[in-house]
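Trainee: In case it helps, the numbering used here puts the sequence shown at residues 1 to 88. Even glycine gets a Cβ: it sits at the ideal position worked out from N, Cα and C.
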Amino acid sequence: MMSLMPATTYRYLTQIPGVRSGRTIIEGTRIGVHDVVGLLVNGASIDEVCRSFPGVTRAQVYECLSYYEDHRVEIDALVAQQMSEGPV
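(1) Rounded to a whole number of angstroms, what is the C-alpha to C-alpha distance between residue 108 and residue 37?
(2) Give the secondary structure of residue 25 by DSSP, where H, G and I count as helix, E and B as strand, and everything else as coil.
(3) For a quick check, are the C-beta atoms of residue 25 and residue 8 less than 8 Å apart?
(4) Might you give, ordered along the chain, the residues of its own chain that have their beta carbon closer than 6 Å to the beta carbon of residue 68, omitting 5 neighbours on each side?
(5) Distance cutoff 8 Å, beta carbons only. Does residue 69 sit that close to anything in chain B?
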């Protein structure tokens, strides 16, 4: 018999319809997980990410990484799309 894994809950992350197209963001901000991951894959450190997004804590960045590990395909696609669009 296969047991069902409980859904993972994230303390600092949320999805709000109509905000950032319903993508996962850091609660209380409009900063997407893909925004954080995009900086990290381009060589930014955790502290540099926090400096880039004032008010974002190290714990929130680490939780973005945790979410990324659980949703890698989705986030990689968003990061690739964001990079292809370039700066706005």
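Mentor: In this structure, then:
(1) No statement about residue 108 is possible, as the shown extent of the chain runs from 1 to 88 and does not include it.
(2) Secondary structure at residue 25: strand, using DSSP grouped into helix, strand and coil.
(3) Note that the C-beta distance between residue 25 and residue 8 is not below 8 Å.
(4) Taking residue 68 as the centre and dropping the five residues before and after it, the same chain places the C-beta of 37, 75 closer than 6 Å to its C-beta, in chain order.
(5) Considering every chain present, this structure includes no chain B. It has just one protein chain.
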